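In this note's numbering, the protein residues as written are 601 to 883.
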């Protein structure tokens, strides 16, 4: 069970206001005891497997039941806590979802993803990219280059052709985008140019959770990419690994899948996604 240190002041009879002097020698900020106790109530509800009654909250937080009752009434009025009439117990309210989404919207995706891009470069030796949905195609918003002199060169703002790149195919498979209209242009002899073949490829991508590109946009460039999910289960970004076909061959690409999925999953979690970890499928 979680400890609630901000309730100790009340238990010690100090009313919840800390007035000690920290090691800096500066006076500590005086804290509001009732707010600290409200935090304790919220934390207790967050830690619970289900709903909690007033007395159980009081026991967990060491705040007296009458104070807990008043705090709960205030939190219910603010939408932070819900009272369940059928049971007479309490649970966290939908206001936390709204507040959490505001915080998540302010997070810089690139700041979150960059350490993972560096880690992917370290584990694979190839260039790692971060892309987001553009007007028509996925667009590169950040990347970390391979340390090798011969590398898959990425460019900020460069679109990933939807049907001819790993990143683009992830966008088509998971982003709710329809197949591009009109004929599909062939960039190499490996480009998927038949709409029926592309539809089958996208279905395979959905099943395994990631996409390959074997020289379909440029003859000498291979890539693998995976989706990053947002807090609402939407496609928030795409992480890819790319390299020259001579080095980033099929074996190297298959070896890159596991770390790619791990880091795509980690970024998704940091963005508020809560689904299960995708597992790499055998190919």
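Even glycine gets a Cβ: it sits at the ideal position worked out from N, Cα and C.
Owing to the predicted nature of the structure, the values given are computational and were not obtained by experimental measurement.
- Secondary structure of residue 662 (DSSP, three-state): coil.
- Distances from the CA of residue 696 to each of 659, 764 and 680 were compared; the closest alpha carbon is that of 680.
- 7 Å or more divides the Cβ of residue 774 from the Cβ of residue 859.
- Cβ atoms of residue 825 and residue 754 stay farther apart than 8 Å, at about 12 Å.
- Burial is judged here by how many other beta carbons sit within 10 angstroms of a residue's own beta carbon; residue 871 has at least 16 and is buried.
- In summary, residue 794 is exposed, with fewer than 16 beta-carbon neighbours lying within 10 Å of its beta-carbon over all protein chains present.
- A direct Cα-Cα distance of roughly 37 Å separates residue 674 from residue 835.
- In this structure, the beta-carbon distance from residue 856 to residue 867 does not fall below 7 Å.
- Annotation: residue 683 to residue 832 spans about 25 Å, alpha carbon to alpha carbon.
- Just measuring C-alpha positions, the residue of 658, 629, 630 and 631 sitting nearest residue 642 is 658.
- One alpha carbon belongs to residue 792, the other to residue 874, and they sit about 34 Å apart.
- Across the structure, residue 852 and residue 747 are spaced so that their CA atoms are roughly 16 Å apart.
- With a contact defined as Cβ atoms closer than 8 Å, residue 843 and residue 727 qualify at about 6 Å.
- In the same chain as residue 798, and ignoring 5 residues on each side of it, the C-beta atoms closer than 7 Å to its own belong to 763, 779, 784 and 792, in chain order.
- Beyond the five residues adjoining it in sequence on each side, residue 660 comes within less than 6 Å, by CB distance, of 644 in the same chain, given in chain order.
- The DSSP-derived three-state label of residue 692 is strand.
- Looking at the DSSP output, residue 829 sits in a beta bridge with 835.
- Straight across, the Cα-Cα distance linking residue 729 with residue 653 is about 49 Å.
- Setting aside the 5 residues that flank it on each side, residue 719 is surrounded in the same chain by 863, each with a C-beta closer than 7 Å to its C-beta; the list follows chain order.
- Within the same chain, 654 come within 7 Å of residue 669 by CB-CB distance, once the 5 residues on both sides are set aside.
- Around the beta carbon of residue 646, a 10 Å sphere encloses fewer than 16 other beta carbons of the protein chains shown; the residue is thus reported as exposed.
- It is roughly 39 Å from the alpha-carbon of residue 722 to the alpha-carbon of residue 781.
- In this structure, DSSP gives residue 744 an extended state, which the three-state scheme calls strand.
- With fewer than 16 other Cβ atoms inside 10 Å of its own Cβ, residue 677 counts as exposed.
- Between residue 637 and residue 663, the gap from beta carbon to beta carbon is short of 7 Å.
- Counting along the chain, the unbroken alpha helix (DSSP H) around residue 724 starts and ends at 709 to 724.
- A straight-line Cα-Cα distance of about 44 Å links residue 733 and residue 685.
- Judged by DSSP secondary structure, residue 730 falls outside any alpha helix (DSSP H) and instead within the beta strand (DSSP E) spanning 727 to 733.
- In the DSSP assignment, residue 738 is bridged to 733 and 760.
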